[in-house]
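Protein chains in written order, with the numbering used here: chain A, 887 to 984; chain B, 79 to 449. From the three backbone atoms N, C-alpha and C, an ideal C-beta is built for every residue, glycine too. Remember, predicted model here, so these are calculated numbers, not experimental data. A quick write-up on the structure given underneath.
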């Protein structure tokens, strides 16, 4: 079970609380958990990753275990604490005024 | 008694303003989609309770929202806008080739006959259509690939397709406009397109009378005369009497002919409204005075309408999609400002009043006249 924390606008869109959980078969990579998240909540497709390229949208970041994972490869296993459900995987909107 | 519903898109959400036919007292509902940019909302002419909204943000991209009850409740529908085939390149600001990249939907134009069919004008400029109520969108790529696309370039606001006019007599004929490419027309429902910019002159581009490259800000037409078009170009107010095949300037006695929005009276096809803006480097009214100008002669002769509008210290802008008219017997005219006011006139522009005054910057105003 992977815990994912979404930014407030995406919580509203998906009609969920701040944290959702997904179950992933096989290796829990970033792509795998986002694939599962989008399968469970189809309205999130295109809001975190580009529809076609699946690249992270530029103003979003991925954090876990106190680390910025945004620039890590998307197909490597997530940290052990995330895999164990001890730590959540954060989808964070860039801080910006206006 | 008839009702009027004003759909307002702002930088931080949508608002719906309602009044009876007197248009004196207004209820304000919203914000809907708070915190998101709402570039446009528009209702279906055949089912006014079906309303579509373009919701976007730099963080989370594009969403299309749909209401089936006049805006009381909303449901997000599909948000996938993918260009047909290999998108290719257009010109970037420095003249170099730049790949086409979808950014947002600027304008939604529901079909005149089917509430499930809607056209969407997007940035980077292209035209999409849904025929299933917004669940899926497909590009009408004949526009982007008609031969001049590689020469289009963005205006300061991006390379946006912002105007979509469907001919009420022949719905296969559609006019669109792009900043900064110009105006285009299809006569076959969107399969093939041609530039319709003859007569436009833009002194800030290398060839001022080029076939494309003009920064058209807005086009409007009266539904009874779809061949007569009025255009607010970057600079210049223009008119065409032959469906865009040729244009001539009708700026006449306007104090400045820069501006963004333009619209036509609901019952008087020769009565046209613009909001002159000082210049393209100062996006606010002349001398701090907010003035709508009206021509009752189809252009050239313009009169300032100021009654009820601020005449000192006013430095707001009125954007291209932020003016609309109702179709009551006494035509109502409405516009929104970047200062968050929406002004209305219930007498064709003679008198104005703010019907709401402290919204986020207003991007779009549409009006529905309800029985």
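Could you name the residues of chain B that residue i contacts, counting a contact when the two beta carbons are closer than 8 Å?
i, result
"residue 932 of chain A", "139, 140, 157 and 158"
"residue 943 of chain A", "137, 138 and 139"
So residue i and residue j are supposed to be a Cβ contact under 8 Å. How far apart are they, rounded?
i, j, result
"residue 418 of chain B", "residue 439 of chain B", "6 Å"
"residue 916 of chain A", "residue 974 of chain A", "Going by Cβ atoms, the distance from residue 916 of chain A to residue 974 of chain A rounds to 13 Å, so no, they are not a contact pair."
"residue 379 of chain B", "residue 373 of chain B", "6 Å"
"residue 368 of chain B", "residue 86 of chain B", "Not quite, the Cβ-Cβ distance comes to about 17 Å (not below 8 Å), so this is no contact."
"residue 149 of chain B", "residue 220 of chain B", "Actually they do not touch by this definition, with Cβ atoms about 33 Å apart."
"residue 229 of chain B", "residue 183 of chain B", "Between residue 183 of chain B and residue 229 of chain B the Cβ distance is about 23 Å, and since that is not below 8 Å, they are no contact."
"residue 264 of chain B", "residue 255 of chain B", "Going by Cβ atoms, the distance from residue 264 of chain B to residue 255 of chain B rounds to 13 Å, so no, they are not a contact pair."
"residue 919 of chain A", "residue 977 of chain A", "Actually they do not touch by this definition, with Cβ atoms about 10 Å apart."
"residue 362 of chain B", "residue 395 of chain B", "6 Å"
"residue 209 of chain B", "residue 237 of chain B", "Not confirmed; about 26 Å, so no contact."
"residue 304 of chain B", "residue 246 of chain B", "6 Å"
"residue 327 of chain B", "residue 314 of chain B", "5 Å"
"residue 243 of chain B", "residue 253 of chain B", "4 Å"
"residue 161 of chain B", "residue 204 of chain B", "6 Å"
"residue 937 of chain A", "residue 943 of chain A", "The pair is not a contact, with the Cβ atoms about 11 Å apart (cut-off 8 Å)."
"residue 186 of chain B", "residue 118 of chain B", "5 Å"
From this set, the options, which residue's C-alpha is nearest residue i's C-alpha?
i, options, result
"residue 211 of chain B", "B:223, B:197, B:107 and B:427", "B:197"
"residue 414 of chain B", "B:402, B:425 and B:424", "B:402"
"residue 139 of chain B", "A:972, A:906, A:921 and A:929", "A:929"
"residue 316 of chain B", "B:303, B:333 and B:294", "B:294"
"residue 145 of chain B", "B:286, B:430, B:129 and B:214", "B:129"
"residue 151 of chain B", "B:92, B:411 and B:292", "B:92"
"residue 116 of chain B", "B:400, B:429, B:405 and B:425", "B:400"
"residue 411 of chain B", "B:398, B:426, B:397 and B:97", "B:426"
"residue 927 of chain A", "A:976, A:899 and A:981", "A:899"
"residue 250 of chain B", "B:266, B:312 and B:103", "B:266"
"residue 271 of chain B", "B:280, B:278, B:261 and B:277", "B:261"
"residue 429 of chain B", "B:392, B:382 and B:247", "B:382"
"residue 905 of chain A", "A:955, A:939 and A:893", "A:893"
"residue 275 of chain B", "B:192, B:322, B:194 and B:114", "B:322"
"residue 195 of chain B", "B:141, B:123 and B:232", "B:123"
"residue 82 of chain B", "B:98, B:136, B:89 and B:88", "B:98"
"residue 104 of chain B", "B:433, B:306 and B:441", "B:433"
"residue 398 of chain B", "B:311, B:423, B:318 and B:357", "B:311"
"residue 215 of chain B", "B:192, B:175 and B:142", "B:142"
"residue 956 of chain A", "A:941, A:901, A:967 and A:970", "A:941"
"residue 125 of chain B", "B:416, B:354 and B:188", "B:188"
Against chain A, with Cβ distances strictly below 9 Å, would residue i count as a contact?
i, result
"residue 474 of chain B", "An answer regarding residue 474 of chain B cannot be provided, because it is not within the stretch 79 to 449 covered by chain B."
"residue 472 of chain B", "A query on residue 472 of chain B cannot be resolved here, the shown segment of chain B reaching from 79 to 449 and no further."
"residue 273 of chain B", "no"
"residue 188 of chain B", "no"
Cβ of residue i less than 9 Å from any chain B Cβ?
i, result
"residue 980 of chain A", "yes"
"residue 955 of chain A", "no"
"residue 938 of chain A", "yes"
"residue 920 of chain A", "no"
"residue 946 of chain A", "yes"
Taking residue i as the query, report the chain A residues whose CB atoms sit under 8 Å from its CB, ordered along the chain.
i, result
"residue 113 of chain B", "895"
Interface residues of chain A around residue i at Cβ under 7 Å?
i, result
"residue 154 of chain B", "899 and 929"
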